[in-house]
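Peer 1:
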Amino acid sequence: MSLNTDFMGKVAQTAIQGVPVTLQIVLVALLISLPIGCLFALIRIYRIKGLEQLVKLYVSFVRGTPIIAQILIVYSAFPSLLNMFIGKVAFSINPIYYAYIVFTLNSIATLTEVFRSALQTVDKGQMEAGLMVGMQPRQTFWRIIFPQALISALPNITNAALYLIKNSSLAFIMSVKDITAIAKTEAAFNYNFLEAYLVVWVYYLIICYSAEVIFYLLERYFSKFRRSTKKTTFFNWKPLSIRQPDLSADADLAKGGRDEHAQNRPFKKRL
Amino acid sequence: MENVRLIINFLGQLLPAINITLVVSVSSIILGSLLGLGLAAAKKSESAILRVISAVYVSVIRATPSIIMIFVVYYGMPLLFSGWFHVNIEGWNRMYFVIIALTLLFSAPVSEIMRSAYESVSKGQMEAGLMVGMTPFQTFYRILLPQAFVVALPNFANSVINLLKEGALTFTIGVVDMVAKAQMIVANNSGGYAWQTYCALALIYWVISLAIDKGVTLVEKSYQAKRKTIAA
Amino acid sequence: MLKIDHLKKGYEGNEILKGISLDVNKGDVISIIGPSGSGKTTLLRNITTLERADGGHIQFAGVDKDFQKLSSQDIQTIRRNVGFVFQNYNLFNNKTALQNITEGLIVARKVKKSEAEKIALKALERVGLSDRQNHYPSQLSGGQQQRVGIARAVALNPQVIFFDEPTSALDPELVGEVLKVMRDLAESGTTMVVVTHQMNFARHVSNKVIFMADGYIVEQGSPEEVFAHPSETRTKEFLTDILANV
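Residue numbers (the UniProt record's numbering), protein chains in the order written: chain F, 1 to 271; chain C, 1 to 232; chain A, 1 to 246.
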């Protein structure tokens with residue numbers, strides 16, 4: 001067994017042009033879905049009538065169906081929808097917009113659950129303390145509760161971002177010219193698929209690990225108030241210790257809509 | 001209304017292909033759990049090399065897109081087998097490659113779930129078991145395992161649902177599963193009724209996911225009920 | 001100054017407070033004692049509107065209404081005139097000791113930042129924590145956190161400060177520093193209502209002791225009356241039990 005290393009070098013050079021495309025999809029989807037996910041989480045926590053059920057249904061659907069099915073639905077439904085509304089032929093649309101739509105819709109569902117469980121980890125005493133120094137509930141939420149929730153959400157936001165990066169490798173199905181698509185085309189010439197995909201794999205590993213490091217630094221920067229005595233050294237630095245993120249946080253997510261018997265009283269009760 | 005009728009019609013056409021999805025999922029769950037168990041044991045072992053291998057493996061899988069894993073296994077395994085063992089496996093049923101890829105993907109999160117569930121059961125439980133005269137195996141089997149099982153269940157179910165969804169990529173290497181079937185139907189209709197077809201596809205997966213969720217909730221409830229009766 | 005009449009509160013048909021009346025005058029230091037589950041904490045939470053009472057009347061800071069008829073304006077008025085010290089401190093985790101105190105001043109009272117910091121520093125000095133102003137709650141011991149909690153309440157200069165079992169969550173060796181701060185406050189004339197299990201504090205610092213059981217006020221009076229000459233059997237039993245365990 002031998003790999004065609006010359007070809008791998010060549011693919012590495014051409015496929016790198018797909019890296020910005022992949023990053024673009026991930027960033028756009030993440031930036032749009034973060035605020036919307038937060039909004040949806042609030043709708044669920046405050047039990048906004050009507051909307052709550054819709055959000056629940058939406059999250060359940062997105063989390064219960066394969067991303068490939070979501071891609072196929074959006075890719076087939078949106079052109080005719082656009083046709084109906086603006087009467088413009090959808091073929092002229094850059095396929096990357098479909099990728100934005102699919103991955104944003106997908107991320108919103110993940111992040112809704114992330115924010116929901118993060119907001120529930122903030123002790124309700126924080127709200128009470130805010131009220132007792134005379135602040136309004138809204139002021140207390142934005143100044144005290146939200147910043148704390150955001151930080152406890154960071155590890156799960158990291159997971160959501162990794163999930164998104166990995167899923168974005170399916171953008172080639174919508175004929176987006178991302179890393180995978182470019183490598184696939186290159187490979188098709190000489191049937192060097194294995195070499196091409198090994199290169200792509202390495203690129204994804206690099207992107208995912210970089211994302212983990214960036215999020216780790218963010219987390220460390222913003223959670224200064226949490227560190228009491230434990231010092232970070234080179235050796236227990238998280239990306240180096242190759243540790244999986246906290247699964248208990250995932251457990252919250254896994255439970256999704258069915259943890260009505262939550263042990264953690266959300267802060268909003270007893271306002 | 002017309003759309004609902006169409007979707008129901010497509011459901012009927014897609015459902016026969018569910019066999020492939022189920023075979024792929026169930027085999028990967030079984031094999032992946034075994035491999036996961038091995039990885040978890042490696043992570044807890046005395047040998048530093050085993051621990052590092054297990055940790056690196058889990059970390060790499062965490063950063064690997066499922067489609068790439070499927071492709072690498074599909075194109076790489078035949079080369080590996082012919083090069084090392086001089087066995088030609090290119091004629092294998094393509095489903096086997098998907099099962100192998102999904103097993104590799106599934107084993108990583110499962111090993112972490114098993115490990116953290118095991119760690120969540122306090123050390124005192126083992127000590128207490130030994131102190132009342134049970135053997136280590138008896139204590140593990142009768143005391144630790146049931147407790148760890150309850151802890152692991154929700155996460156395990158979540159991973160199973162993820163596996164089910166990753167399995168929907170089977171079609172990419174030419175196995176005719178439900179997704180491939182849906183694409184064929186769309187092609188036969190010259191691209192017509194596409195979104196209705198794919199909605200039918202999504203519905204099937206949604207129902208399976210909801211069923212898994214519901215099943216886990218029921219099992220959890222029954223465990224909680226047991227605990228309550230003991231407490232009362 | 002603060003007058004509560006027939007305050008009632010129940011959860012799901014379970015009556016916790018069965019009509020409590022309470023008078024607080026300026027400079028009072030009132031200790032509320034009683035077995036757990038007697039409704040002491042619920043009483044404080046209802047007076048301060050953290051929970052909505054089912055019935056009763058409040059007269060305080062210009063508000064003179066039934067609890068059920070309080071407008072959000074009234075609630076705001078009440079909250080701005082009370083201080084609250086929580087059992088689990090409830091310091092804002094994402095703020096330093098100093099910021100914990102300035103937060104309410106700046107956001108709720110619209111005090112200028114520089115002015116707020118001056119007030120906060122003075123309050124920290126009063127509880128002996130000037131050197132910890134830039135520490136986050138996670139970097140402080142329980143006793144220090146509770147002292148910041150007290151400083152936070154004091155800095156707002158409320159008419160009355162409520163203490164909800166302020167030492168119950170503390171390790172025994174840290175109780176002393178918090179009680180000392182509370183004693184200093186009492187001696188400087190601060191109006192305080194304290195739910196406590198610290199019988200020494202109740203007996204020697206407060207000027208009035210209330211004994212509660214089962215949602216009623218069983219007995220009240222000067223510390224001397226309640227501790228030395230209790231007239232009710234419930235009070236006698238409680239005091240015998242608790243003093244036997246000291």
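All C-beta atoms in this analysis are idealised placements derived from N, C-alpha and C, irrespective of residue type, glycine included.
#1: Classify residue 253/C as buried or exposed, calling it buried when 16 or more other Cβ atoms lie within 10 Å of its own Cβ.
#2: Can you confirm whether G104/A, when its beta carbon is compared against all beta carbons of chain F, has any partner nearer than 7 Å?
#3: I need the DSSP call for F171/C, collapsed to helix, strand or coil.
#4: Report the option in Y198/C, M184/C, A225/C, E166/C whose CA atom is closest to the CA atom of V26/C.
#5: Can you confirm whether the region 42-56 of chain A touches the region 1-9 of chain A when touching is taken to mean that 3 or more C-beta pairs between the two stretches lie within less than 8 Å?
#6: Within 10 angstroms of its Cβ, does V114/F collect 16 or more other Cβ (buried), or is it exposed?
#7: Give the secondary structure of D66/A by DSSP, where H, G and I count as helix, E and B as strand, and everything else as coil.
#8: Taking buried to mean at least 16 other C-beta atoms within 10 Å of its own C-beta, is R44/F buried or exposed?
#9: Nearest to I101/A by alpha carbon, out of N88/A, V82/A, V154/A?
#10: Using a cut-off of 7 Å between C-beta atoms, extract the partners of Y75/C located in chain F.
#11: So F140/C is in the beta strand (DSSP E); what residue range does that whole segment cover?
#12: Around the C-beta of A183/F, are 16 or more other C-beta atoms found within 10 angstroms, so that it is buried, or is it exposed?
#13: I'd like the span of the beta strand (DSSP E) that includes S31/A, first residue to last.
#14: Using a Cβ cut-off of 9 Å, pull out every chain F residue sitting near N46/A, in sequence order please.
#15: Near P28/F, what residues of its chain come up, given a Cβ to Cβ distance below 6 Å and the 5 sequence neighbours on each side ignored?
#16: Does V133/F have its Cβ less than 7 Å from a Cβ in chain A?
#17: Roughly how many whole angstroms lie between the Cα atoms of K177/F and G192/C?
#18: What in chain C is Cβ-close to S93/F, meaning under 7 Å?
#19: Between the Cα of D210/A and those of E12/A, D28/A, N14/A, spot the shortest distance and give me the residue it belongs to.
#20: Go through its chain and collect everything with a Cβ distance to S54/C's Cβ below 6 Å, but skip five positions before and after it.
#21: When you compare the CB of T104/F with every CB in chain C, is at least one pair closer than 7 Å?
#22: Which residue wins for smallest C-alpha separation from K10/F, given the options I206/F, V199/F, N159/F?
#23: Can you give me, in chain order, the residues of the region 103-123 of chain F that have a beta carbon less than 7 Å from any beta carbon in chain A?
#24: Mind checking the region 142-165 of chain F against chain A and listing, in chain order, the residues whose C-beta falls within less than 7 Å of any C-beta there?
#25: Between V178/A and T196/A, what straight-line distance do the alpha-carbon atoms span, to the nearest angstrom?
#26: Suppose you measure from the CA of D177/C to the CA of S80/F; what does that come to, to the nearest Å?
#27: Secondary structure at S231/A, three-state DSSP: helix, strand or coil?
#28: Between which two residues does the beta strand (DSSP E) carrying H57/A extend?
#29: In the DSSP output, which residue or residues are listed as bridge partners for G221/A?
#30: Please go through the same chain and pick out, in chain order, the residues whose beta-carbon is closer than 7 Å to the beta-carbon of Y163/F, but skip the five residues on each side of it.
#31: Would you say E128/F lies against chain A (beta-carbon separation less than 7 Å)?
#32: Per DSSP, which residues does M192/A bridge with? Please list them.
#33: Three or more beta-carbon pairs under 8 Å between the region 121-130 of chain F and the region 84-98 of chain A, yes or no?
#34: Would you mind reading off the limits of the alpha helix (DSSP H) that contains I45/F?
#35: Taking 6 Å as the limit between beta carbons, can you name the residues of its chain near F7/F, skipping five residues before and five after?
#36: Of all the CB atoms in chain A, is at least one closer than 7 Å to the CB of F225/F?
Peer 2: Reading it off the structure:
#1: Here chain C covers residues 1 to 232 and nothing more, so residue 253/C does not appear.
#2: yes
#3: helix
#4: E166/C
#5: yes
#6: buried
#7: strand
#8: buried
#9: V154/A
#10: F193, L194, Y197
#11: No beta strand (DSSP E) contains F140/C, which DSSP labels as neither H nor E.
#12: buried
#13: 29-33
#14: None at all; the shortest Cβ gap to chain F is about 11 Å.
#15: Residue identity differs from the one stated: residue 28/F is Val in this sequence, not Pro. So the list reads Y100, once near-sequence residues are dropped.
#16: yes
#17: 26 Å
#18: Residue identity differs from the one stated: residue 93/F is Ile in this sequence, not Ser. What I93/F touches in chain C: nothing, since even the nearest Cβ is about 16 Å away.
#19: The question names Asp, yet the displayed sequence has Ile at residue 210/A. The residue with the shortest Cα to Cα distance from I210/A is D28/A.
#20: L39, A42, K43
#21: no
#22: V199/F
#23: none
#24: R143, I144, P147, Q148
#25: 12 Å
#26: 27 Å
#27: coil
#28: 55-60
#29: V209/A
#30: T110
#31: yes
#32: V29/A, I161/A
#33: yes
#34: 19-45
#35: N192, E195
#36: yes
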